[in-house]
Amino acid sequence: MELRLEGVSHRYGDVEVIRDINLSIPKGRIVCIVGPSGCGKSTLLRFLGGLERPTGGQVTQVGSPPEDSINPLTYVFQDFALLPWRTVEGNISFILADHGVRGARAEAIISDVLARTKLSDFRKALPKQLSGGMKQRVAIARALAVNPAVLLMDEPLSALDSQTRELLMDDLVTLWTRQPFTAVYVTHNLAEAVRLGHRIVVLSRRPGQIREVVEIDTPLESRTLGDPALDRMQKHLWTLMRAEAEAADMELVND
Amino acid sequence: MTDISAVSSGAPSAPLPANAQASPVHFRGGGFRPKSPRGIGLLVFVVLIAFLEWGTRAGFISALTVPRPTDVFATLVDFAQSGGLWKNLHPSLMRLLVGGSLGALAGIGVGVMIGLFSVARAGLVPLVAALFPIPKIALLPLFVIWFGIDESSKYALIAFGTFTPTVVATYGAVDNVDRSLIRMGQSFGLKWSTIVLRIVLPGAMPGILSGLRVSLAIAIILLVAAEMLGAEYGIGAYILQAGSLYDLERLFAGVTILSLLGVILSALVGLIEKRLLGWRA
Chain A
1 MELRLEGVSH RYGDVEVIRD INLSIPKGRI VCIVGPSGCG KSTLLRFLGG
51 LERPTGGQVT QVGSPPEDSI NPLTYVFQDF ALLPWRTVEG NISFILADHG
101 VRGARAEAII SDVLARTKLS DFRKALPKQL SGGMKQRVAI ARALAVNPAV
151 LLMDEPLSAL DSQTRELLMD DLVTLWTRQP FTAVYVTHNL AEAVRLGHRI
201 VVLSRRPGQI REVVEIDTPL ESRTLGDPAL DRMQKHLWTL MRAEAEAADM
251 ELVND
Chain B
1 MTDISAVSSG APSAPLPANA QASPVHFRGG GFRPKSPRGI GLLVFVVLIA
51 FLEWGTRAGF ISALTVPRPT DVFATLVDFA QSGGLWKNLH PSLMRLLVGG
101 SLGALAGIGV GVMIGLFSVA RAGLVPLVAA LFPIPKIALL PLFVIWFGID
151 ESSKYALIAF GTFTPTVVAT YGAVDNVDRS LIRMGQSFGL KWSTIVLRIV
201 LPGAMPGILS GLRVSLAIAI ILLVAAEMLG AEYGIGAYIL QAGSLYDLER
251 LFAGVTILSL LGVILSALVG LIEKRLLGWR A
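In the order they appear, the protein sequences are chains A and B.
Take the first sequence: its letters are residues 1 to 255, numbered as in the UniProt record's numbering.
Take the second sequence: its letters are residues 1 to 281, numbered as in the UniProt record's numbering.
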């Protein structure tokens, strides 16, 4: 299944936030969307998953999701969004149960995703007992459990410290290499983008427009911390964004 | 302090410059974190009662102003042994249970509706605001006309009194449920009913329970008021009777029972909170 944004524009009242965006999300690849704060990148992600409607243009899905996909468009949120009153497995099982997956089948899925995210020992833990990195692992496990056709990740590592972020990036790369998934990854962190993105979309400041689309051909698993080619790429992205970020920083907030 | 490498050497810091005074940095943190050490609460009661006992025995507190605590205790024991305690406590507890749970359940239901539906919010919030400040005791004669002089008017009074504070607490609690959790539920394609039952209600539970504490105290107050107006048996009737006879020992015995009832109910809510809200950080 592929997702497409066709001429998508959006305004909140008088404020134009997004202007004429055309973009397609190819199957089995990670598309990173980067841009200065307030450029509407998270809004774009909410359009992709149907949590919000653009005022202009449309979001289309090409082809149908695989039969065994429980929730084709699944988010991973910046603030984890775990139910604090449910254990790690409870946070996954209640979603499966609502989609009619119970008993041994649910058990098998939960064991599998917890093993893939290295959480098997923490099944019975409550969110308050977990570190930020572990919480995001649970949220990723929960997203994998519903077997999404496209994973929509909204700054998933932004609430974590830089060391945990490195660890989780490695985990995401491992997850993807073992079983490639389609993902849209919104971030303001260029290091994350060059590390995880097959395609990087640079947005301008508000109203957000596509400034440049960069393809990185290096396979994910051979991208390492401090790789000179990636560093050059990151520098290139920064030169694209610098002026925009500076201008965005100076803007008054009027909402 | 320009040489960074010297910091890690572990040697004592550089010698003080001549005629410099070394003094510890003045501590100004701490405080603002009250704890409740065990036993202090009990101690307050013991000291207060001991003071009254001593005062009435020594004679500087007249027996007409405050009865002697030991006499009150003896009255209570006598009351329990004669079977009068149960005879009066049983109907009171029934009224509290029936009226209180009717009011609380209806209140939670309406509160959740206000929290979820725009029409309910627009229509019912002003109504609740209009009902809240009415002293419910003033409505007792009306309830007697509507529901009769027997138990049902007492149930109605207690239910009505617990209803309004529960509604206000509940819709406030529903409003405060983390919206990102609800958005998460929608993004996973959960059914509306599942979002309400599994996300909104548990998320609102802390607020609902603390509202329940207030509602239960109000229920006890209204219980006594209802029983004072027309009941053969009940703690309120017992207190009223003692009061009209100026039997201060019995009056205080009745009041003590009410206090204990309040403490027990509050402890009960505390227990429920401990069980249901263990997930709170």
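Here a beta-carbon is modelled for each residue, glycine too, at the ideal position from N, C-alpha and C.
Please read all numbers here as calculations on a predicted model, not as lab measurements.
*Within this structure, are the beta carbons of A225(B) and L157(B) separated by less than 9 Å?*
yes
*asked:* If the criterion is Cβ atoms closer than 9 Å, does the pair residue 321(B) and G262(B) meet it?
replied: Shown here, chain B extends from 1 to 281; a query on residue 321(B) therefore has no answer.
*Are the CB atoms of L212(B) and A169(B) nearer to each other than 9 Å?*
yes
*Decide if M153(A) is buried, meaning its Cβ has at least 16 other Cβ atoms within 10 Å, or exposed.*
buried
*In the DSSP assignment, what are the bridge partners of I21(A)?*
V8(A)
*Going by the CB atoms, is the gap between A106(A) and A115(A) shorter than 9 Å?*
Their beta carbons are not under 9 Å apart, which means A115(A) does not touch A106(A) by this criterion.
*Spell out the partners DSSP gives I30(A) in its beta bridges.*
A183(A)
*Close beta carbons around M1(B), own chain, < 6 Å, minus the five adjacent residues each side*: Only weak support exists for where M1(B) lies, its pLDDT of 44 falling under 50; the coordinates are left without a value.
*Could one say the Cβ of G203(B) lies closer than 9 Å to chain A's Cβ atoms, at least one of them?*
At least one chain A Cβ lies under 9 Å of G203(B).
_Extent of the continuous alpha helix (DSSP H) to which E212(A) belongs_ = Looking at the DSSP string, E212(A) is not in any alpha helix (DSSP H); the run it does join, the beta strand (DSSP E), is I210 to E215.
*Kindly list, in the order they appear in chain B, the residues whose Cβ is closer than 8 Å to that of I95(A).*
The answer, in chain order, is F188 and L190.
_Judging by CA-CA distance, which residue of R11(A), G35(A) and Y75(A) is the nearest neighbour of A149(A)?_
Of R11(A), G35(A) and Y75(A), the residue nearest in Cα terms is Y75(A).
_T187(A) and V34(A) - do their beta-carbons sit closer together than 9 Å?_
In terms of Cβ geometry, V34(A) and T187(A) form a close pair [threshold 9 Å].
*Counting only beta-carbon atoms, is N71(A) nearer than 9 Å to chain B?*
yes
*asked:* In the DSSP assignment, the beta strand (DSSP E) including L203(A) goes from what residue to what residue?
replied: R199 to L203
*So what does D154(A) bridge to, in DSSP terms?*
Paired residue(s): V186(A).
*In terms of residue numbering, what span does the beta strand (DSSP E) encompassing Y233(B) cover?*
No beta strand (DSSP E) holds Y233(B); DSSP gives it neither H nor E.
*According to the neighbour-count rule (16 or more other Cβ atoms, all chains shown, within 10 Å of its Cβ), is D3(B) buried or exposed?*
For D3(B), the predicted structure reports a pLDDT of 49, less than 50, and the residue's modelled location is therefore unreliable. The matter cannot be settled from this model.
_Cross-chain neighbours of K128(A) in chain B, by beta carbon under 7 Å_ = W279 and A281
*Could you list which residues in chain B have their beta carbon closer than 8 Å to that of T74(A), in chain order?*
S187 and F188
*Please list the partners that G197(A) has in chain B, where partner means a Cβ-to-Cβ separation under 9 Å.*
Neighbours of G197(A) on chain B: none; closest Cβ ~22 Å, over 9 Å.
*Own chain partners of I40(B) with C-beta closer than 7 Å, once the 5 adjacent residues on each side are dropped*: The beta carbon of I40(B) sits closer than 7 Å to none of the beta carbons in its chain outside the five residues before and after it.
_L105(B) and M113(B) closer than 9 Å at C-beta_ = no
*Expected contact under 8 Å - CB spacing of A159(A) and I30(A) to nearest Å*: Rounded, the Cβ-Cβ distance is 20 Å, inconsistent with contact.
_Does the contact criterion of 3 or more C-beta pairs under 8 Å hold for the stretch 91-111 of chain B versus the stretch 227-247 of chain B?_
Touching, yes, given that three or more Cβ pairs across the two stretches are closer than 8 Å.
*Identify, in the order they occur along the chain, each residue of the same chain with its Cβ nearer than 7 Å to the Cβ of L248(B), setting aside the five sequence neighbours on each side.*
P67
*DSSP bridge partner residues for T60(A) (one or two, in chain order)*: R4(A)
*With 16 other Cβ atoms within 10 Å as the buried cut-off, status of S118(B)*: exposed
*Quick one: Cα of Q241(B) to Cα of F160(B), how far?*
26 Å
*asked:* Threshold first: 4 residues or longer. Then list the alpha helix (DSSP H) segments lying entirely within the stretch 152-237 of chain B, N to C.
replied: Counting only runs of at least 4 residues, the stretch 152-237 of chain B fully encloses the following alpha helix (DSSP H) elements, listed from N- to C-terminal order: 179-187 and 201-229.
*Counting contacts by CB-CB distance shorter than 9 Å, is L51(A) in contact with chain B?*
yes
*Rounded to whole angstroms, what's the CA-CA distance from A6(B) to P24(B)? Just pull it up for me.*
Residue confidence is low: A6(B) scores 48 on pLDDT, short of 50, so the model does not pin down where it sits. Its coordinate-derived value is still stated next. Roughly 22 Å separates the two Cα atoms.
*asked:* I want to see whether chain B comes within less than 9 Å of D217(A), judged by CB atoms only; does it?
replied: no
*Would you be able to state if there are at least three C-beta pairs under 8 Å between the stretch 31-51 of chain A and the stretch 199-217 of chain A?*
yes
_Integer Cβ distance of T166(B) from S210(B), believed to fall under 8 Å_ = Contact doesn't hold; Cβ gap of about 11 Å is too wide.
_Let me check one thing: in DSSP terms, what residues is V138(A) bridge-paired to?_
Looking at the DSSP output, V138(A) sits in no beta bridge, so it has no partner there.
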